[in-house]
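The structure under discussion appears below in the form of structure tokens.
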Amino acid sequence: MAVVTYRPRKIRWIAGPAALGVVLLFTVISFGLHGSKGFDNSGQFERGDQSAMIGLGVLIGLGILAFCRPRVTADADHIKIRNVVGGYDLPWSVVRAVRFDRNSPWAQLELHDDEQVSIHALQAVDKDYAVEGVRALRALHSATVKA
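For the sequence shown, the positions run 23 to 169 when this note's numbering is used.
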């Protein structure tokens, strides 16, 4: 039984360095936090302020890395989609078509109840890789429909 798995490519090349850059930027900024706060010298920056700034950079970096999360895995029985937020595990019997429309940012599943499910793992910016993924999903879907 053939199992196909696809993950976005280009977003991973961008998200990793961007997340690292944000963490480094917030770390550098944190070392600039010293001296008095405000105009009336009512308080001082302390180590906790610096640590909080670094922690904020780490959280923003993790948020950027969430865009690397999408994945689609399919076999002869079902398709499992994991998007940036949420996911689906659907049998092929509920899928009407695998679509990748012109000017669409990613592929979609058209379901029999007229709903659509986005597949963020197959993004238009990945070009031939995304087209290969859609063709593989369509082949699995058509083999299931014929069976």
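In this text, a Cβ means the ideal position worked out from N, Cα and C, and glycines have one as well.
* Among L47, I51, A88, nearest to G38 - alpha-carbon criterion -> A88
* **Cut-off 6 Å between Cβ atoms - residues of its own chain near Q130, not counting five sequence neighbours on either side** => R121, Q138, S140
* Go ahead and label A165 buried or exposed: buried means 16 or more other beta carbons lie within 10 angstroms of its beta carbon, across all protein chains shown. => A165 comes out exposed.
* Asked: By Cβ distance, which residues of its chain are closer than 6 Å to Q72, with the 5 residues on each side in sequence left out?
  -> Non-local beta-carbon contacts of Q72 in its own chain, meaning distances under 6 Å to residues more than five positions away in sequence, involve S52, L55 in chain order.
* Any idea what DSSP makes of V120, helix, strand or coil? -> strand
* Tell me whether H163 sits in a helix, a strand or coil according to DSSP, three-state version. => helix
* Where does A98 land, buried or exposed, given buried means 16+ other C-beta within 10 angstroms? -> exposed
* **Between the CA atoms of D135 and L46 - distance to the nearest angstrom** => 47 Å
* For the region 154–168 against the region 111–125, are there 3 or more C-beta pairs whose distance is under 8 Å? -> Yes, the region 154–168 touches the region 111–125.
* Could you pull out every residue in the same chain whose Cβ sits closer than 6 Å to the Cβ of T95, ignoring the five residues on either side in sequence? => T27, K102
* Kindly list the residues whose CB is nearer than 8 Å to the CB of H100, restricted to its own chain and excluding five residues on each side of it in sequence; keep chain order. => D111, L112, P113, W114
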